[in-house]
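As given, the protein sequences belong to chains A and B, one line each in that order. Going by our numbering, the residue at position 3 of the first sequence is 29; the numbering climbs one at a time, nothing skipped. Going by our numbering, the residue at position 38 of the second sequence is 39; the numbering climbs one at a time, nothing skipped. Glycine included, each C-beta is placed from N, C-alpha and C at the ideal position. Please read all numbers here as calculations on a predicted model, not as lab measurements.
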Amino acid sequence: MRVQLTKVDESLPADARIIRYADNLMALPSCTDGWRFNFRKHSKKPAYETYVLICVETPDIIEGCLIFEMKAKVEPYMAYVEVAPHNKGKGKKFDRVAGCLIAFACRLSFIHGENDFRGWLAFDVLEEDRHNEIKLMALYCKKYGALKFGETTMVIPPLAGEILIDQYLKLTL
Amino acid sequence: MTNIKEIKPDEIWNEKKKEDLKNFISLQSNEQTHERKLRNELLAIQYKIEDYIENNQDGNQLMVLDFVKMYLKVLNITQRKLAVLFEMKDSNLHKYLVGERKLNASLILKLSSFSHTSPEHWLKIQVKNELIEINKERECFDKYKKYDYTNLIVSSAN
Chain A
27 MRVQLTKVDE SLPADARIIR YADNLMALPS CTDGWRFNFR KHSKKPAYET YVLICVETPD
87 IIEGCLIFEM KAKVEPYMAY VEVAPHNKGK GKKFDRVAGC LIAFACRLSF IHGENDFRGW
147 LAFDVLEEDR HNEIKLMALY CKKYGALKFG ETTMVIPPLA GEILIDQYLK LTL
Chain B
2 MTNIKEIKPD EIWNEKKKED LKNFISLQSN EQTHERKLRN ELLAIQYKIE DYIENNQDGN
62 QLMVLDFVKM YLKVLNITQR KLAVLFEMKD SNLHKYLVGE RKLNASLILK LSSFSHTSPE
122 HWLKIQVKNE LIEINKEREC FDKYKKYDYT NLIVSSAN
């Protein structure tokens with residue numbers, strides 16, 4: 027799927043794509059590359075679908091990664107989502123990476139979710155520090171319209187998901 | 002490179018949490034209006050159409066009829082009723098939907114209005130299917146070599 031990122035230093039748009047990962051593509055990131063999650067290992071789990079976000083200009087560099095799962099075959103769940111270390115913090119290269127990947131997961135939740143679960147995307151916010159976890163959950167509430175459930179789980183409802191899809195993935199067919 | 006300790010979501014999942022989350026979503030979902038629930042279903046079909054158009058791999062070929070059927074199922078109406086709405090004979094509409102006849106501007110606009118999607122979506126399903134047909138036919142390209150313009154030049158020179 028075609029998406030658009032923003033080059034932070036020039037404030038210019040950059041064409042990018044979210045593609046389903048296949049083994050013959052580039053190597054997936056892991057904790058040894060400075061990422062928080064071991065996508066290389068998790069992508070091998072049969073129930074998981076792995077997607078990578080790459081820039082058209084630099085197709086060998088992964089800007090962000092997503093693992094989507096259908097729990098019990100009907101409940102959409104964003105198992106892992108992470109932006110590349112070079113897209114984090116003040117010196118980050120691209121903006122909108124997380125937004126595009128989360129919006130993409132919302133879109134998958136419409137396509138694959140069934141009955142009551144159509145368009146509902148669940149995920150967990152897990153940080154080593156509980157204080158960071160709370161801060162991040164508050165951000166997801168505000169930025170992505172997510173609802174809080176229990177200690178660490180959040181759910182993006184269909185209306186909020188639709189807004190995110192329009193904001194980050196609007197296709198010009 | 003730094004080696005960071007990974008936190009795994011699997012560690013926090015158990016049967017009770019699964020059940021509780023399921024109930025939470027069902028409860029929230031049931032609070033949606035009928036219009037919102039319908040919109041969720043219609044968006045799902047629209048995204049499926051977009052994916053079909055954009056996907057480069059041929060995979061399974063889907064006809065316009067396949068997508069129309071998805072709408073009919075969600076809206077709980079028959080193809081016959083759709084034909085009446087479109088002011089067409091059922092048999093005539095069917096020929097367009099299965100690709101026996103090419104979609105024209107009028108029918109594309111009717112489908113667009115019916116499904117609340119852009120006319121381009123419907124036109125592009127047709128174009129995508131024609132491309133699939135062309136690619137299939139390309140496998141036996143030899144039989145088309147006789148149409149090369151150079152054959153014409155050679156024969157007129159003789």
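When rounded, the separation of the alpha-carbon atoms in Met-52/A and Asp-86/A is 7 Å.
In this structure, Ile-88/A and Ala-105/A do not form a Cβ contact; the two beta carbons are roughly 17 Å apart against a cut-off of 8 Å. The C-alpha of Pro-111/A lies about 54 Å from the C-alpha of Lys-96/B. At a cut-off of 9 Å between beta-carbon atoms, Met-163/A makes no contact with chain B. By the rule that beta-carbons nearer than 9 Å mark a contact, Gly-176/A touches chain B. Residue pairing by DSSP places Thr-32/A opposite Pro-39/A, Asp-121/A in a beta bridge. Arg-133, Phe-136, Ile-137, Asp-142, Phe-143, Arg-144, Gly-145, Trp-146, Ala-148, Asp-150, Leu-152, Glu-154: these are the residues of the stretch 130 to 154 of chain A whose beta carbon lies less than 7 Å from some beta carbon of chain B, given in chain order. Proximity of chain B to Leu-185/A at the Cβ level (cut-off 8 Å) is accounted for by Arg-37, in chain order. Ala-148/A carries a strand assignment under DSSP once its states are collapsed to helix, strand and coil. Short of 8 Å from the beta carbon of Arg-28/A, and not among the five residues preceding or following it, lie these beta carbons of its own chain, in chain order: Asp-41, Ala-42, Arg-43, Leu-197. CA-to-CA, the gap between Lys-119/A and Phe-115/B works out to about 43 Å. Interface annotation, Met-52/A: not in contact with chain B, CB-CB separation never under 9 Å. Nearest C-alpha to Tyr-53/B among Gln-127/B, Phe-142/B, Arg-139/B, Thr-151/B: Gln-127/B. The beta carbon of Asn-61/B does not come within 9 Å of any beta carbon belonging to chain A, so the residue lies off that interface.
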